[in-house]
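Counted the way full-length UniProt numbering counts, the sequence shown spans residues 1 to 281.
Backbone N, C-alpha and C fix where the C-beta goes; we use that ideal spot for every residue, glycine too.
Only one structure is covered here, and it is reproduced in the block below.
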Amino acid sequence: MKFKDIRLDDLLRNKASFLGLVIIGLLAFTAIAADFIAPYDPNKIELDDKLKPPSSEHIFGTDQLGRDQLSRVIHGTRTTFELSLIIVTVTASFGVFVGIIAGYCGGFIDEILMRLIDVLLAFPSIILALVIIGSLGPGILNTVIAISLVGWLYYARVARASTLSIKEKEYIEGARAMGCSEMYIYTHYILPNCLPPIIVLVTLNMGGVILTIASLGFLGLGAQPPTPEWGTMLNEGREFLRDCPWLSVVPGALIMISVLAFNFIGDGLRDILDPRQQVIK
């Protein structure tokens, strides 16, 4: 099945993917409307209100500087989702381009690119990201650069595998016989037919990217204070975990829920695009 043949009804019939869509929809709305739904300025310091427990005035309590935790969680959703979308867009675009070039050209180019990818995949991606961001320094921009530099590898391998299969199809030979240019074949035949597994990988990878961003933020290498971001908020709240658990529980729960939601959607898409998966299950 091609990606364009997917209907929303197909995902809605899958209970897990439906739940994932609802959760991601709510989080996406929260990120977009953060300025309108946050009850307070997320960076406004009120030392007289520091470390207050959840109440009607501050639903998720306040942090060590008296900042409203609900407002920071809402704006942290925007920060996390913006970074994730940028990183996934960059990594997917570059990885698919490299993978298609390697699979379509073959020979020496394919060998060099695949050996490079194999070497990089031999190291855990989080370790490579830590090394890169350790060299560049902490911050949002360097977080995007570090994760992007290690995140394109899986997209390249998936795109290459799809291209190797597609380029042997009869319609590719027919297009060449009709005088179609290589660019036309790339944009009209190779790329569209590579999309189904790439779309599944994107949805599954979104959860991993969110987790990596949060991990770097927790280690103090991601978004820097006072920028609200889930991982940074976890780092700030760990010192008060015993007496003020709401500082860590809320952002930690949101990380877990968002990762699970994207995994649910990815699993649903995989079942729809590859019916053989349902038989295996």
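Thr62 is bridged by DSSP to Asp68. For Asp110, the secondary structure class from DSSP, reduced to helix, strand or coil, is helix. The beta carbon of Leu12 is closer than 7 Å to those of Phe18 in its chain, skipping five residues each way along the sequence. For the options Ile265, Ile132, Thr163, Asp243, the alpha carbon positioned closest to that of Asn193 is the one of Thr163.
In the three-state reduction of the DSSP assignment, Ser56 falls in the coil class. Here Val209 is not near Gly266, since their CB atoms are 9 Å or more apart.
A contact is defined here as three or more CB-CB pairs under 8 Å, and the region 167-177 fails this definition with respect to the region 108-118. Closest option to Gln224, judged by alpha-carbon separation, among Val158, Gly139, Leu153: Gly139. Taken in chain order, the whole beta strand (DSSP E) runs of length 3 or more contained in the region 107-186 number zero. Out of Gly103, Ile74, Lys52, Val158, the CA that lies nearest to the CA of Gln64 is found in Lys52. Under the criterion of beta carbons closer than 8 Å, Ile100 and Leu221 do not qualify as touching, at roughly 33 Å. Exclusion of the five residues before and after Ala28 leaves Phe81 as the residues of its chain whose Cβ lies within less than 8 Å of its Cβ.
Shown here for Thr143: same chain residues with a beta carbon closer than 6 Å to its own, the five before and five after excluded, namely Leu216, Gly222 in chain order. Under the three-state reduction of DSSP, Cys244 is assigned to coil, being neither helix nor strand. Comparing alpha-carbon positions, the option among Pro54, Asp68, Ala122 lying closest to Tyr40 turns out to be Asp68. Secondary structure of Ala223 (DSSP, three-state): coil. Take Ala214, set aside five residues on each side of it, and the residues of its chain with a beta-carbon closer than 6 Å to its own are Trp230, Gly231, Ile255, in chain order.
Assigned with DSSP and collapsed to three states, Ile45 falls in coil, not helix or strand.
Tyr104 sits in a helix when the DSSP states are folded into three classes. When DSSP states are grouped into helix, strand and coil, Arg238 belongs to the helix group. Taking every protein chain shown into account, the CB of Leu247 has 16 or more other CB atoms within 10 angstroms, so this residue is buried. Under the 10 Å beta carbon count, Asp48 is surrounded by fewer than 16 other beta carbons and is classified as exposed. In this structure, the CA atom of Gly268 is about 21 Å from the CA atom of Leu211. Across the set Ala92, Leu141, Leu149, the C-alpha of Leu149 shows the shortest separation from the C-alpha of Ser125.
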